[in-house]
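Trainee: Which chain is which? The protein sequence lines are A and B, in order. What the first sequence shows, in numbering that gives the first Met the number 0, is residues 0 to 116, in sequence order. What the second sequence shows, in numbering that gives the first Met the number 0, is residues 0 to 116, in sequence order. Pasting in a structure now, in structure tokens, and then I'll have a few things to ask.
Number of protein chains: 2
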Amino acid sequence: MPDDLIPDVLNDRCPSRMVLNHVTSRWGVLVLIALQDGTMRFSALRRRIGGVSERMLTQSLRLLEEDGLVLRTAHPVVPPHVEYDLTPLGVEVAEKVHALAACIEGNLGQIMAHRTE
Amino acid sequence: MPDDLIPDVLNDRCPSRMVLNHVTSRWGVLVLIALQDGTMRFSALRRRIGGVSERMLTQSLRLLEEDGLVLRTAHPVVPPHVEYDLTPLGVEVAEKVHALAACIEGNLGQIMAHRTE
DNA sequence: TTTGATACTTACAAAAATGTGGGTACTTCC
DNA sequence: GGAAGTACCCACATTTTTGTAAGTATCAAA
Numbered sequence: 000m001p002d003d004l005i006p007d008v009l010n011d012r013c014p015s016r017m018v019l020n021h022v023t024s025r026w027g028v029l030v031l032i033a034l035q036d037g038t039m040r041f042s043a044l045r046r047r048i049g050g051v052s053e054r055m056l057t058q059s060l061r062l063l064e065e066d067g068l069v070l071r072t073a074h075p076v077v078p079p080h081v082e083y084d085l086t087p088l089g090v091e092v093a094e095k096v097h098a099l100a101a102c103i104e105g106n107l108g109q110i111m112a113h114r115t116e
Numbered sequence: 000m001p002d003d004l005i006p007d008v009l010n011d012r013c014p015s016r017m018v019l020n021h022v023t024s025r026w027g028v029l030v031l032i033a034l035q036d037g038t039m040r041f042s043a044l045r046r047r048i049g050g051v052s053e054r055m056l057t058q059s060l061r062l063l064e065e066d067g068l069v070l071r072t073a074h075p076v077v078p079p080h081v082e083y084d085l086t087p088l089g090v091e092v093a094e095k096v097h098a099l100a101a102c103i104e105g106n107l108g109q110i111m112a113h114r115t116e
């Protein structure tokens, strides 16, 4: 019975670690939060997420797509038209990520005050 | 009225981004989850969190301490005895992080199945 | 007619994260 | 007496992440 049977992020060899890393990656978090507003095109996402480069946005979207959290729909037209959505599982994960971000945003005053002590 | 007045992680210049990065960092996430079990010493933490190096554990603990999420208590004896705890705010944040990790662990089967398609 | 928008990819470079091995000062266990 | 445990720090090297700039094909607006 390998360690992997009961998923555990504290276990070095558990593949949940990899997924957690995708989800909690610098831009992955923000992609999930941004997509909570609904379907978005690549450029719209890029404008919404301050500071992300095209390269990083593409890469983050690809990883989340591979994990089945994000759905990519490409319309083969010129100029290109591609839409991104959360999958049902993506919605679930995005909610948790959003709760975390909101918690930090809500306590930012306290945190910043502590940092300057 | 600067952008920073209403914390928003999607905003490039909002300091909540920095805190979010500490919390969602590779080892930061796991430190918070591990500390949910209660007070732990450095070595215990290191054993609990699979794959973390001393260097990275120290660094992660320092960042979370600066943000006021983790409390470090050093007893000046030889050999050294140092205890780590979550602060009240740390408990709150750790709950969200744990919910996220649990969500991923719980859906890992589905995710891994999707990845191999 | 030049510019900008679309959704990327690729090569290259820079920056950040992470690991490695060593050292510390003492105690207890074998 | 030698080894291991404690909680680190430091310098160095490597790995990973991230950014930058350019290129692609086509259309529409100025």
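All C-beta atoms, glycine included, are put in the ideal place defined by N, C-alpha and C.
What is the C-beta distance between B:Gln35 and A:Leu88, in whole angstroms, given that I count them as a contact (C-beta under 8 Å)?
Mentor: With 8 Å as the limit, B:Gln35 and A:Leu88 do not qualify as a contact, their Cβ atoms being about 24 Å apart.
Trainee: Starting from A:Glu82, follow its DSSP beta bridges and name the residues at the other end.
Mentor: Its beta-bridge partners are A:Arg40 and A:Thr72.
Trainee: Give the C-beta separation of A:Gly27 and A:Leu63 to the nearest angstrom, bearing in mind that I take them to be a contact with Cβ-Cβ under 8 Å.
Mentor: 6 Å
Trainee: May I have the straight-line CA-CA distance separating A:Leu9 from A:Glu116, to the nearest angstrom?
Mentor: 32 Å
Trainee: Okay, do the segment 48-58 of chain A and the segment 88-104 of chain A touch, 3+ Cβ pairs below 8 Å being the bar?
Mentor: no
Trainee: With a cut-off of 9 Å, does the C-beta of B:Met111 fall near any C-beta of chain A?
Mentor: yes
Trainee: Suppose contacts are defined by Cβ-Cβ distances below 9 Å. Is A:Asp11 in contact with B:Gly50 by that definition?
Mentor: yes
Trainee: Report the CB separation of B:Ala73 from B:Val81 in whole angstroms; it is logged as a contact under 8 Å.
Mentor: So it is a contact: roughly 5 Å between Cβ atoms.
Trainee: Give me the Cα-Cα distance between B:Leu4 and B:Ile32, rounded to the nearest whole angstrom.
Mentor: 30 Å
Trainee: So A:Arg114 contacts chain B; which residues on that side make the cut at Cβ distance below 7 Å?
Mentor: Glu65 and Asp66
Trainee: Compute every distance between the C-beta of A:Asp7 and the non-hydrogen atoms of the ligand SAH, then say whether any falls below 8 Å.
Mentor: The ligand SAH is absent from the structure shown, which contains no ligand whatsoever.
Trainee: Excluding the 5 residues flanking B:Glu65 on each side, which residues of the same chain have their C-beta closer than 7 Å to its C-beta?
Mentor: none
Trainee: What are the boundary residues of the alpha helix (DSSP H) that includes B:Pro87?
Mentor: Pro87 to Gly105
Trainee: Can the beta-carbon of A:Val30 be found closer than 9 Å to that of A:Leu44?
Mentor: With a cutoff of 9 Å on beta-carbon distance, A:Val30 and A:Leu44 are scored as near each other.
Trainee: Residues of the segment 47-76 of chain B in Cβ contact with chain A at a cutoff of 7 Å, in chain order, please.
Mentor: Arg47, Ile48, Gly49, Gly50, Glu65, Asp66 and Gly67
Trainee: Considering only residues of the segment 1-63 of chain B, which uninterrupted alpha helix (DSSP H) runs meet the minimum length of 4 residues and lie entirely inside it, listed in chain order?
Mentor: As summarised for the segment 1-63 of chain B, the continuous alpha helix (DSSP H) elements at least 4 residues long and confined to that stretch are 15-22, 25-34 and 41-47, given in chain order.
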